[in-house]
Each structure stands twice: as structure tokens, then as C-alpha cells.
Amino acid sequence: MRFFRDTLSKLSSALLLCAALPVSAAYDQHPRSDEFIAEASIEYKIDPAEIRAWLTHAEKLDSVLEAIARPAEKVKEWDEYQDIFLTSKRISAGKAFLQKHAELLQQAEQKFGVDKHIIAAIIGVETFYGTRQGNYRVLDSLATLAFDYPQRPLFWRELKAFFALARDEKIDPASVKGSYAGAMGYGQFIPTSFLNYAVDADKDGKRDLWGNPADAIFSVANYFKRHGWRTGEAVTQRVRVSGKDYEEIINDSLKPKWTVAELKALGVEPTNKVAEDRPANLIRLQGKVGAEFWLGEHNFYVITRYNHSRMYAMAVYQLSEALR
């Protein structure tokens, strides 16, 4: 009997301890929730009560905090990174995507002046042509990052924008799925990009980047046009280097800050003809057989406006060339 009394006593103590532990509160109870609600209601004219109600449904996801700390661009070199995106499977699927949506892609290219192969490559890199759009609730991802990842204040901005787009597009915020970082749809637009660049291509009154390829394709093209894509210009090319002067300017900026003539004077030699006054940068990536040197021209920089990574831009470029 004493054994059972001791067991019951221990069990009771454990239950009391569990009851005393703090329960994880919803984000409407977060110390900064009032601040967030005030900002969102002023900035986007959203009813504060509606924002608070949405926050009650947002859940903290530790998996999101873990994922944001180890993006592939930061932990891999180009020799590994390229293996993720430049596969025969992704290239084959991309050619099928080009064929299936040939008319839409041609219309987008004509309307926005953006190479259809670049448009397809962006969607191919981001979501395997719309088939892998993410399984996180965007409400949870963005709330977690906005309130519990202060290292990146941009997510505070994105959560506000997410509520605005949900209102504008008449979408239940709790129903939207996306990436761990809150990116959505075929092209993985973050909410502010959605508000600024999403296009209702088929004029049905909705900007559906999740299920409507027309809206998704036109929106990606519009993003590139608005960020300065130059129709008909090259993106990048391999270069040879000699001497030592070039070493001081390798990867020194995403935005082109030199002219081709200045780069040549530092020992950089393009493999293809390019105007001497063309703005460019010198890029070095760690390839499978050693260092690779590339000329980063204006359109390469524009690709980095989609994702601020040289390796990302190179993956998009090389996938587009494979699709071509």
C-alpha cells in the first residue's frame, strides 16, 4: 500500500508542477502585440479588433526559428548549392512547364520585356514550378518571426502586409500556406512583394499566386520589370583573371560598381564581347573543380533583387540557360 501511496503522491506533485508552469500565450497576448496592432491599423487601415482576432490563431513554431538560422545560401558553397537546383529532373520539369504555359510565358515576355526562360527558372528554383509551395501556415511563420526573431525586423513589416493582402484578396489568413519565412505561391512572394508587384493577369478580380499560373507568371515578370530588367542584355559570363590586382574587388558588391574597361585594367578578361562602358562586377564562386570567375552585369544584379545571393542568381541563370 505504501508503494501506491508514494506513487500517487509523486503523481499529484507532478500534476501540480505542470499546472504551475506558464502556458504559451497566443500572440495577441505578446508584450508587443498592442504596438503591432496600432501600427498595422494605422498603416493599412485594418480594424484593430480584426488584427487581434487573427493573432489569437497564430502559433509559435520552433521549427521556423531553427530553419531561419541555417539557409542554404549561408551554409553551402556553389559546388554543393548548384546540385540542389541544376538537376536533370528540374530541367526536364522546366521544359514541360515551358511547353504547358508557352502562351502565357510568351505574353509575359512581350508585355514586361523579361526573358521567359528567366521567369520559368525563377519559378523552377522557388517551387519546382509550383509543386512545392510550402506547408507552413504563413500566419504562424510570420508571427513567430515577427515577435520572436528580433534579429530580422523585416518580418514585423511582412506580418502587417500579410494581414493587408488577406483583407484585400478576401483570404482567411489562417488558410494560407507557404515557406518557413512566409513566402507564398508559385514565385514565393513575401507579403510586401505581393502588395507591390502581384498582377491579376486574367482580370478575374483576384491576384491568385497559389493556384493561377497566369497571375504567378505575370507577377514574376512584373517584379523583374519594376526592378529594372533590361530586355536583351546579357546576365553574366565566365571570365579569366590574371595578376593580383583583381583580388581586391572580388564579390565586393552585388550592384555593379565598375565598368568592363576598369575590370580589364585589373586583370579581368571576358570570354565574350561586351561593351567597355558596361557596368559590371567580378564574381568568384567555389565550383567543383576550383574557383570560378564570372562577370556580374546589370541583369545579374536584378536577379539578386529577388533573393540577395550570388549563388541564387547563378542558379537561376544557369537553369534558364538549360531550359533554353
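For the sequence shown, this note's numbering assigns the number 309 to the last residue and increments by one with no breaks.
Yeah, the Cβ is synthetic: ideal placement off N, Cα and C, and Gly gets one too.
Please read these numbers as outputs of a predicted model, since none were measured by experiment.
Taking C-alpha positions only, N266 is separated from I234 by approximately 8 angstroms. For R211, the secondary structure class from DSSP, reduced to helix, strand or coil, is helix.
In terms of Cβ geometry, R152 and I31 form a close pair [threshold 8 angstroms].
In this structure, E94 places its C-beta atom within 8 angstroms of the C-beta atom of K101. By the Cβ criterion, the region 208 to 224 is in contact with the region 270 to 280, since at least three pairs of Cβ atoms, one from each stretch, lie closer than 8 angstroms.
R75 places its beta carbon 8 angstroms or farther from that of L239. Secondary structure note for F174: it is in no beta strand (DSSP E), with a DSSP letter that is neither H nor E. Of all alpha-carbon atoms in L194, P198, A246, the one lying nearest the alpha-carbon of A183 is that of L194. In this structure, the alpha-carbon of S26 lies about 54 angstroms from that of V274.
In its chain, beyond the 5 residues on either side, V224, R225, V226, S227 have a beta carbon closer than 8 angstroms to the beta carbon of E254. Boundaries of the alpha helix (DSSP H) harbouring Q67: 63 to 70, taken from the DSSP string. Close CB contacts of A260 within its chain, under the 7 angstroms cut and outside five residues either way in sequence, are with V245 (chain order). Contact check for H86 against P198 passes: the beta carbons are separated by less than 8 angstroms. Fewer than three Cβ pairs drawn from the region 67 to 82 and the region 157 to 172 lie within less than 8 angstroms of each other, which leaves the two stretches out of contact.
Here DSSP, grouped into helix, strand and coil, assigns R75 to helix. With respect to the 8 angstroms criterion, Y29 and F140 are not classified as neighbours on the basis of their beta carbons. According to DSSP, residue pairing for G281 in a beta bridge involves T221, N266. By the C-beta density criterion, G119 is buried, having at least 16 other C-beta atoms within 10 angstroms.
One Cα belongs to R192, the other to L144, and the distance between them is close to 18 angstroms. In the DSSP secondary-structure assignment, Q14 is not bridged to any residue. Annotation: E24 to I36 spans about 11 angstroms, alpha carbon to alpha carbon.
Per DSSP, the beta bridge partners of A276 are Q271. Looking from the CA of P176, the closest CA among D185, S160, A146 belongs to A146.
Bounds of the beta strand (DSSP E) holding V253 are 253 to 255.
Ranked by how close their Cα comes to the Cα of L40, the residues L127, E88, F82 have L127 in first place.
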